[in-house]
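>
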Amino acid sequence: MKEEIKNNKSKILFVALGIIIITLIIGMGLKNKEDNLKMDIIIPEYFASKEPKEISIKNEKIINDIMDMIEKSEKVNSNEKLQNMKNIRWKHNRLTLTKKDGTKEEFNFSFDSLDEVGYIQKDGKVKKPSYDFFRYLCDLMEYKKFDTNIEKSVVNLFKKYNWTVDYKINTIKEKLPENLKHNAGEYPVKIYWAYNNELSKQIGLDFKDYLGKDITAEIYRLREPLPEFLKPQRYARGVVLKDKDKIIGAYIDMGRHTPFACSLDRMSLENITKKTWEQWIANHINYDDELEIKLSKMKPEDIIKEHYKALNNNDIKIILATITRENLCHYLTSNMDNHYLINKEKETSKTNIKSVKLLEIKRIHPSDEKEGEVTYEVTDDFKQHEQIVVEDGIDFNFYTLKKEVEKSGWRITQMGK
Numbered sequence: 001m002k003e004e005i006k007n008n009k010s011k012i013l014f015v016a017l018g019i020i021i022i023t024l025i026i027g028m029g030l031k032n033k034e035d036n037l038k039m040d041i042i043i044p045e046y047f048a049s050k051e052p053k054e055i056s057i058k059n060e061k062i063i064n065d066i067m068d069m070i071e072k073s074e075k076v077n078s079n080e081k082l083q084n085m086k087n088i089r090w091k092h093n094r095l096t097l098t099k100k101d102g103t104k105e106e107f108n109f110s111f112d113s114l115d116e117v118g119y120i121q122k123d124g125k126v127k128k129p130s131y132d133f134f135r136y137l138c139d140l141m142e143y144k145k146f147d148t149n150i151e152k153s154v155v156n157l158f159k160k161y162n163w164t165v166d167y168k169i170n171t172i173k174e175k176l177p178e179n180l181k182h183n184a185g186e187y188p189v190k191i192y193w194a195y196n197n198e199l200s201k202q203i204g205l206d207f208k209d210y211l212g213k214d215i216t217a218e219i220y221r222l223r224e225p226l227p228e229f230l231k232p233q234r235y236a237r238g239v240v241l242k243d244k245d246k247i248i249g250a251y252i253d254m255g256r257h258t259p260f261a262c263s264l265d266r267m268s269l270e271n272i273t274k275k276t277w278e279q280w281i282a283n284h285i286n287y288d289d290e291l292e293i294k295l296s297k298m299k300p301e302d303i304i305k306e307h308y309k310a311l312n313n314n315d316i317k318i319i320l321a322t323i324t325r326e327n328l329c330h331y332l333t334s335n336m337d338n339h340y341l342i343n344k345e346k347e348t349s350k351t352n353i354k355s356v357k358l359l360e361i362k363r364i365h366p367s368d369e370k371e372g373e374v375t376y377e378v379t380d381d382f383k384q385h386e387q388i389v390v391e392d393g394i395d396f397n398f399y400t401l402k403k404e405v406e407k408s409g410w411r412i413t414q415m416g417k
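Residue numbers for the sequence shown follow the UniProt record's numbering, beginning at 1 and rising by one.
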């Protein structure tokens with residue numbers, strides 16, 4: 001009996017000692033993190049701009065996130081990987097961690113966005129972080145300001161679907177449209193909300209009951225990349241819709257240049273609805289709209305003529321009405337500031353065209369066309385307010401048209417050389 005009591009005491013002492021050691025280790029780790037004062041990041045050539053970008057960060061969570069990702073990186077010992085680091089596309093980047101006592105830790109890093117690979121080096125030792133690390137650093141350059149005070153309900157919602165919320169990008173007041181039936185020539189806001197409601201419904205959040213009401217949209221930076229089927233796009237933003245404090249919708253988007261992405265459980269619109277874009281959009285068109293009826297009766301050549309007439313008159317409604325709704329949606333995010341949800345209609349209400357004359361429309365040989373499409377070589381004479389990309393004068397472009405929806409008739413799906 002005495003021996004059993006003695007053994008139990010030993011076990012208790014052993015457990016207590018273990019708890020003390022773990023507490024000390026955690027305490028040391030917390031103290032080390034609390035010792036961090038700021039982090040400076042410099043990228044001498046920032047992607048296509050090739051301009052230097054730098055940022056100084058004092059946010060404790062951001063600094064800790066970066067250091068945690070470095071600590072979890074794969075160790076690299078081979079000379080081959082060291083050589084790879086020297087030959088990689090974006091190099092000579094620097095990260096400096098400054099402690100409260102004035103001491104500094106210097107890191108050099110290189111990465112390649114095409115192959116999604118990168119390395120970080122300190123004191124001659126090289127590590128290979130997950131590429132999420134380099135996306136994280138680049139987004140810091142993009143957003144500049146970070147709200148890391150995230151509500152638990154938001155963190156848990158994304159965590160349920162294996163997304164990590166890094167910080168809030170922005171909070172925006174939005175008014176949902178009264179309905180989701182798109183009229184010809186309208187800015188595609190209704191399509192935007194109709195599409196993303198499909199994504200939101202996939203996780204049980206249907207915000208259709210809030211149509212016509214004021215809501216709040218919160219945009220979050222997410223750690224993980226977009227799913228494989230959305231490549232080459234990789235940067236994910238999480239959008240949460242709220243009525244006051246109640247979450248009424250949520251979906252994933254890509255931000256600038258690409259209007260739509262996927263549901264939180266990484267499903268596409270086609271997978272969710274079992275419909276192609278053409279089949280889906282057919283249910284979101286107002287076929288009683290006068291302009292819709294007028295355009296649906298026109299031949300392809302007449303659509304091109306109507307489009308050029310609108311370009312010359314700066315008639316934005318007709319310009320938008322004569323292109324497919326799929327292409328129309330690119331207006332939503334083209335060259336957008338990534339702090340916002342979509343471009344506002346007023347930002348697309350003017351063109352750079354001073355005048356344009358349509359000189360000739362000539363159909364190319366049908367054997368060179370895709371099934372269901374017609375293509376024309378169009379000769380025109382443009383004059384611009386400001387010559388940015390092309391010079392004024394006579395030139396030609398190819399215009400391809402198709403019936404996105406049979407009932408809507410021909411619309412322009414592609415234009416250019």
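Every residue gets a Cβ at the ideal spot worked out from N, C-alpha and C, and that includes glycine.
Classify Lys417 as helix, strand or coil using the three-state DSSP reduction.
It is coil, neither helix nor strand.
> Looking only at its own chain, which residues have a Cβ that is under 7 Å from the Cβ of Leu278, when we skip the five neighbours before and after it?
Per the sequence presented here, residue 278 reads as Glu, with Leu not at that position. The residues are Glu404 and Val405.
> CA-CA distance, Ala217 and Gly238?
Their Cα atoms are separated by approximately 10 Å.
> Could you pull out every residue in the same chain whose Cβ sits closer than 6 Å to the Cβ of Ile172, ignoring the five residues on either side in sequence?
The residues are Ala217 and Leu341.
> When we look at the beta-carbon of Thr103 and count the other beta-carbons within 10 Å, is it buried (16 or more) or exposed?
So Thr103 ends up on the exposed side.
> Please identify the residue among Ile55, Glu373 and Arg223 whose C-alpha is closest to the C-alpha of Met415.
It is Glu373 whose Cα lies nearest to the Cα of Met415.
> Would you mind sorting Glu198 into buried or exposed? The rule is 16 or more other CB atoms within 10 Å of its CB.
Answer is buried; the Cβ neighbour count reaches 16.
> Taking C-alpha atoms, which residue in Ile281, Ile41 and Thr258 lies nearest to Thr98?
Among Ile281, Ile41 and Thr258, the Cα nearest to that of Thr98 belongs to Ile41.
> Helix, strand or coil, according to DSSP, for Ile319 in the structure here?
DSSP places Ile319 in helix when its eight states are reduced to three.
> Do the stretch 305-318 and the stretch 342-359 meet, that is, are 3 or more Cβ pairs less than 8 Å apart?
Contact between the stretch 305-318 and the stretch 342-359 is present, because at least three Cβ pairs lie under 8 Å.
> Can you have a look at Glu74 and say buried or exposed, based on whether 16 or more other CB atoms are within 10 angstroms of its CB?
Looking at its Cβ environment, which holds fewer than 16 other Cβ atoms inside 10 Å, Glu74 is exposed.
> To which residues does DSSP link Ala217 through a beta bridge?
Per DSSP, Ile172 and Leu241.
> Judging by CA-CA distance, which residue of Ala250, Arg256 and Ile285 is the nearest neighbour of Asp265?
Nearest of Ala250, Arg256 and Ile285 to Asp265, Cα basis: Ala250.
> Which partner residues of Lys125 appear in the DSSP bridge assignment?
Partner(s): Lys122.
> By how many angstroms is the C-alpha of Ala236 removed from the C-alpha of Ala321?
One C-alpha to the other measures close to 30 Å.
> Between which two residues does the beta strand (DSSP E) holding Pro52 run?
Taken as a continuous stretch (DSSP letters only), the beta strand (DSSP E) holding Pro52 covers Glu51 to Ile57.
> Taking Val240 as the reference, give the member of Ser263, Pro227, Arg223 and His330 with the closest Cα.
Answer by Cα proximity: Ser263.
> Could you give the distance in angstroms between the alpha-carbon of Phe146 and the alpha-carbon of Asp68?
For Phe146 and Asp68, the distance between alpha carbons rounds to 18 Å.
> Pick from Ile364, Phe111, Leu137 and Asp380: whose alpha carbon is nearest that of Lys128?
Among Ile364, Phe111, Leu137 and Asp380, the Cα nearest to that of Lys128 is on Phe111.
> Beta-carbon separation of Tyr161 and Arg221 under 8 Å?
The answer is no: Cβ separation not under 8 Å.
> In whole angstroms, what separates the C-alpha of Met254 from that of Ala261?
About 6 Å.
> According to DSSP, Ser153 sits in a beta bridge with which residue or residues?
Ser153 pairs with nothing; no bridge assigned.
> Do His307 and residue 418 come within 8 Å of each other at the CB atom, strictly closer than that value?
No answer is possible for residue 418: the residues shown for the chain start at 1 and end at 417.
> Using a Cβ-Cβ cut-off of 6 Å (strictly less than) and excluding sequence neighbours within five positions of Val152, which residues of its own chain qualify?
Checking the displayed sequence, the identity of residue 152 turns out to be Lys instead of Val. Closer than 6 Å at the Cβ level, and outside the excluded window around Lys152, lies no residue.
> Val356 bridges to which residues according to DSSP?
Answer by DSSP bridge pairing, in chain order: Phe382.
> Could you name the residues that DSSP lists as bridge partners for Arg411?
Arg411 pairs with Lys402.
> Which residues in the same chain have their Cβ closer than 6 Å to the Cβ of Leu140, if we skip the five residues on either side of it in sequence?
Here the set comprises Ile55.
> Can you give me the start and stop residues for the alpha helix (DSSP H) that Val189 sits inside?
Its alpha helix (DSSP H) spans residues Val189 to Lys201.
> Within the continuous beta strand (DSSP E) that includes Asp253, where are the two ends?
Lys246 to Asp253 is the span of the beta strand (DSSP E), which, as asked, contains Asp253.
> For Lys407, I'd like the list of residues in its chain whose CB is within less than 8 Å of its CB, leaving aside the five on either flank, ordered along the chain.
Excluding positions up to five away in sequence, the list reads Ala282, Ile285, Tyr287 and Ser296.
> Under a three-way DSSP split, which group does Asp147 fall into?
DSSP places Asp147 in strand when its eight states are reduced to three.
> For a test of the three-state rule: what should DSSP assign to Met267, helix, strand or coil?
Three-state DSSP puts Met267 in coil, outside helix and strand.
> Do you know offhand how far Lys242's Cα is from Glu386's?
Using only the alpha carbons, I get a separation of about 42 Å.
> Short of 7 Å in beta carbon distance, which residues of its chain neighbour Asp214, apart from the five on each side in sequence? Order them along the chain.
Result list for Asp214: Lys173 and Lys175, in chain order.
> I believe Ile248 touches Ile169 by the beta-carbon criterion, under 8 Å. Please report the beta-carbon distance rounded to the nearest angstrom.
No, Ile248 and Ile169 are not in contact; Cβ-Cβ is about 19 Å, not under 8 Å.
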